[in-house]
Amino acid sequence: MKLVFGEKIVPKPVDRRNDDDNAWGQAWHAWREGGSFVLEYDSGDIGGHYRRVALSAAEFQQLHAEPDSFLTIVRNHGG
79 MKLVFGEKIV
89 PKPVDRRNDD
99 DNAWGQAWHA
109 WREGGSFVLE
119 YDSGDIGGHY
129 RRVALSAAEF
139 QQLHAEPDSF
149 LTIVRNHGG
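Residue numbering for the sequence shown follows this note's numbering, beginning at 79 and increasing consecutively.
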């Protein structure tokens, strides 16, 4: 077997911005889905599983305004 080295490729990060229908965090994304809201986050489990929970409009607005409230909201949903 022979290893061949090439140029170093550094992927460019995707620019994600909060808008009326989306809120982004370090390892989570909350969005509007029809008339409801959803939060999906990296569970930290081995294998990289994601968890998805339904949010209230108030929780979505809180995440949108204060991303640091993520842990509190996840814990309130049993995560």
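Glycine is no exception: its CB is placed at the ideal position from the N, C-alpha and C atoms.
Worksheet item: Who are the Cβ neighbours of E118 in its own chain at under 6 Å, not counting the five residues just before and after it?
Response: Hits under 6 Å: H107, Y128 and R130.
Worksheet item: Between the C-alpha atoms of N100 and Q139, what's the straight-line distance to the nearest angstrom?
Response: The alpha-carbon of N100 is positioned some 10 Å away from that of Q139.
Fill in: Runs of beta strand (DSSP E) wholly within the segment 114-145 (minimum 3 residues, chain order)
With a minimum length of 3 residues, the unbroken runs of beta strand (DSSP E) contained wholly in the segment 114-145 fall at 114-120 and 128-133.
Fill in: N- and C-terminal bounds of the alpha helix (DSSP H) containing R153
Element bounds for R153: F148 to N154.
Discussion item. With a threshold of 7 Å on Cβ separation, who are the neighbours of H142 within its own chain once the five nearest residues in sequence on each side are excluded?
Written reply: Taking C-beta separations shorter than 7 Å and ignoring five residues to either side along the sequence, the partners of H142 in its chain run N96 and A101, following chain order.
Worksheet item: Per DSSP, what kind of secondary structure is D97 in: helix, strand or coil?
Response: Annotated three-state conformation of D97 is strand, per DSSP.
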